[in-house]
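Sequential numbering from 344 applies to the sequence shown in this note's numbering.
To start, the structure itself, in structure tokens.
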Amino acid sequence: MGKLFGTFGIRGIANEKVTPELAQSMGLALSTMLGDGDRRVAVGYDTRTSSVMLEHSLVSGITSGGCDAVRFGMVPTPVLSYGTRHFDCDAGVMITASHNPPEYNGLKFWDDSGAGFVREREDELEKTFERGGESVAWNEIGDTERADALTPYREDLIDRIPKVEGEMKVVVDCANGAGSVIAPQLLRELGCHVVSLNSQPDGHFPGRMPEPTEEHISDLIASVTAMDADLGVAHDGDADRTIIVDENGKVVSGDVVFALAGINYLRKVETPRIITTVATSSVLDAAAEKLGGEVVRTKVGEPELVREYKDNGGDLAGEENGGVIFLDWAHCRDGIMAAAQIIDYASRTGKKISELADTLPEYHQFKMRTECPDELKPKVLDELAERFSDRNPDRTDGIRIELEDGWLLLRPSGTEPIFRCFSEAKGKEEAEKLANKGMKALKEAIESVKS
Ligand code: MG
344 MGKLFGTFGI
354 RGIANEKVTP
364 ELAQSMGLAL
374 STMLGDGDRR
384 VAVGYDTRTS
394 SVMLEHSLVS
404 GITSGGCDAV
414 RFGMVPTPVL
424 SYGTRHFDCD
434 AGVMITASHN
444 PPEYNGLKFW
454 DDSGAGFVRE
464 REDELEKTFE
474 RGGESVAWNE
484 IGDTERADAL
494 TPYREDLIDR
504 IPKVEGEMKV
514 VVDCANGAGS
524 VIAPQLLREL
534 GCHVVSLNSQ
544 PDGHFPGRMP
554 EPTEEHISDL
564 IASVTAMDAD
574 LGVAHDGDAD
584 RTIIVDENGK
594 VVSGDVVFAL
604 AGINYLRKVE
614 TPRIITTVAT
624 SSVLDAAAEK
634 LGGEVVRTKV
644 GEPELVREYK
654 DNGGDLAGEE
664 NGGVIFLDWA
674 HCRDGIMAAA
684 QIIDYASRTG
694 KKISELADTL
704 PEYHQFKMRT
714 ECPDELKPKV
724 LDELAERFSD
734 RNPDRTDGIR
744 IELEDGWLLL
754 RPSGTEPIFR
764 CFSEAKGKEE
774 AEKLANKGMK
784 ALKEAIESVK
794 S
């Protein structure tokens, strides 16, 4: 495994790990990897204070390697993915640290279909980077052009979603992130009465932290109830994820956002195939059952979902954090489309968000973690598989065990020296009990491997 890339792309503190030099060398390496011919690379960035600086370096690297750079400027990640395909680019690079705090930034790489680079392509890029990319002669240096990816994205999305019927009041909170440049306007075009919060681009994230957790979106929750809105929409820093707040100010979790958006989007598809990860709630199985479809579980990470789609087909993919991929729309998680689907679902059925959420079974999750040195992780996994051998553990990613009253997932982090323990059950107490059971097994396994 490469040292630079995490679960998806490169991420780190700006000007420490993610420097202009790194961006330039990565741009050059990407150009070299794409090879000769009229290659084009799309480039977009989020609102971070370091993003424009990194974009300049990246574009300089890309063009010095002979590829043309197609600059979208400040756009959400789903617009970069959409634009990469729309403008026939051979690859795309998004400069973003998604939900991380303001001091972070990162680079995510996309293929010509607008899907994130799978691990093998990231490895190939990292190897090219380590060897050093090759600059071209003065008369082969790439061109740069500016392109507007927001307009075609917006027009295409509006074409696919009917205008809302009647009054629909929506409070949208973009976290001062990249969603600010499109989400409020687009919801207005869909016919919603929109109140926007934290929707001026600002890389200091003065309104709230870019991760849309319940504790970070208290202003949104308060606004939804104070303004008697039908729902609230919270995006993360690059708007590939959405969390919804219902009309009572209750947060609808990422799993349920995924399930509801999916039910609306797939309602006309016969036996839909839903791709998700081992960490996603059983609420997806309930949604699939409603639709007469099936759920397939992969390793954690957006590129893994798209890989499964490319290998075996599928209609919808997504993760437990509110990132949903609408596969005939784009090969990237799209928080803006997810919000539009849920708004359409409510408008079409005349139901409140809480009523829609109530059509699905409620599950409780519990998440814990413990430290574990990276080099011990494979042995700990084997030890855990041995301990749970009578439970027929699923080793797709970590160890997942199905139990009578729920499931348990013990999974090493891909980026930090920790092991995570997820549990899910119908009751809160049962979920906690399961997690404690998992943590006990995990700590014992780590100890036994150490000795
Ligand atoms: Mg994100």
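Every residue, glycine too, gets a C-beta built ideally from N, C-alpha and C.
None of these values were measured; they are calculated from a predicted model.
Cross-strand partners of residue i (DSSP beta bridge)
i, result
"Ile742", "Leu753"
"Tyr447", "Ile356"
"Gly416", "Gly387"
"Ala434", "Val384 and Asp454"
"Met711", "Cys764"
"Asp737", "Arg743"
"Gly661", "Thr619 and Val667"
"Asp411", "Arg383"
"Asp516", "Leu540 and Ala577"
"Phe348", "Ile353"
"Ile586", "Ala577"
"Gly459", "Trp453"
Beta-carbon proximity check, residue i vs residue j, cutoff 8 Å
i, j, result
"Lys512", "Asp573", "yes"
"His674", "Ala492", "no"
"Asp579", "Glu554", "yes"
"Arg730", "Gly741", "no"
"Asn448", "Leu365", "no"
"Asn519", "Phe548", "yes"
"Val418", "Ala490", "no"
"Leu603", "Leu468", "no"
"Phe348", "Gly387", "no"
"Glu773", "Gly757", "no"
"Asp598", "Val626", "yes"
"Val639", "Val576", "no"
"Asp533", "Ala683", "Asp is not the amino acid found at residue 533; the sequence shown has Leu there. A contact, by the Cβ cut-off of 8 Å."
"Leu719", "Leu785", "no"
"Gly661", "Thr350", "no"
"Arg676", "Asp583", "yes"
"Val422", "Tyr496", "yes"
"Val594", "Glu557", "yes"
"Thr375", "Glu488", "no"
"Arg531", "Val537", "yes"
Whole-number beta carbon distance between residue j and residue i, since they are thought to touch under 8 Å
i, j, result
"Arg383", "Asp411", "5 Å"
"Gly605", "Leu659", "5 Å"
"Ile617", "Ala631", "5 Å"
"Ile686", "Asp589", "Actually they are not in contact, since the Cβ atoms of Ile686 and Asp589 sit about 13 Å apart, beyond 8 Å."
"Ile679", "Leu450", "The Cβ separation is near 22 Å, so there is no contact."
"Asp381", "Thr439", "The pair is not a contact, with the Cβ atoms about 27 Å apart (cut-off 8 Å)."
"Ala592", "Ile564", "What sits at residue 592 in the sequence shown is Gly, not Ala. Confirmed, Cβ separation roughly 5 Å."
"Phe601", "Gly665", "7 Å"
"Ser393", "Asn358", "7 Å"
"Ala629", "Pro704", "5 Å"
Buried or exposed by the 16-neighbour rule on C-beta atoms within 10 Å, applied to residue i
i, result
"Ser791", "exposed"
"Leu442", "Note on residue identity: the sequence assigns His, not Leu, to residue 442. With 16 or more other Cβ atoms within 10 Å, it is buried."
"Asn735", "exposed"
"Thr585", "buried"
"Arg551", "buried"
"Thr494", "exposed"
"Asp733", "exposed"
"Ser403", "buried"
"Met344", "Confidence is the limiting factor: at Met344 the pLDDT is only 43, short of 50, which leaves the residue's position unreliable and the question unanswerable from this model."
"Pro646", "buried"
"Lys642", "buried"
"Asn655", "exposed"
"Ala526", "buried"
"Arg743", "buried"
"Pro716", "exposed"
"Pro615", "buried"
"His399", "exposed"
"Arg354", "buried"
"Gly378", "exposed"
"Ser794", "exposed"
"Pro445", "buried"
"Gly657", "buried"
heavy atom of ligand 3 below 7 Å from residue i C-beta
i, result
"Ser523", "Summarising the ligand content, the structure contains ligand 1 and does not contain ligand 3."
Say whether the region 760-771 touches the region 628-636, bearing in mind that this needs 3 or more beta-carbon pairs closer than 8 Å, one atom from each stretch. The answer is no - the region 628-636 does not touch the region 760-771, with fewer than three Cβ pairs under 8 Å.
Take every Cβ of the region 477-486, pair it with every Cβ of the region 400-409, and state whether three or more of those distances are shorter than 8 Å. Yes, the region 477-486 is in contact with the region 400-409.
Given 8 Å, three or more beta-carbon pairs between the region 369-378 and the region 417-432: Below 8 Å, too few C-beta pairs join the region 369-378 and the region 417-432 to call them touching: fewer than three.
Contact between the region 615-623 and the region 748-766 (3+ Cβ pairs under 8 Å): These segments touch.
Please confirm if the region 718-725 is in contact with the region 534-548, defined as three or more CB-CB distances below 8 Å between the two stretches. With the cut-off at 8 Å, the region 718-725 and the region 534-548 do not touch.
With three or more beta-carbon pairs closer than 8 Å as the criterion, would you say the region 559-577 touches the region 642-654? Segment contact: the region 559-577 against the region 642-654, fewer than three CB-CB distances shorter than 8 Å; contact not assigned.
Please determine if the region 775-782 and the region 705-722 are in contact, where contact requires at least 3 C-beta pairs separated by less than 8 Å. Three or more Cβ pairs drawn from the region 775-782 and the region 705-722 lie within less than 8 Å of each other, which places the two stretches in contact.
Tell me whether the region 451-467 and the region 431-440 touch, counting them as touching only if at least three CB pairs, one residue from each stretch, are closer than 8 Å. Yes, they touch.
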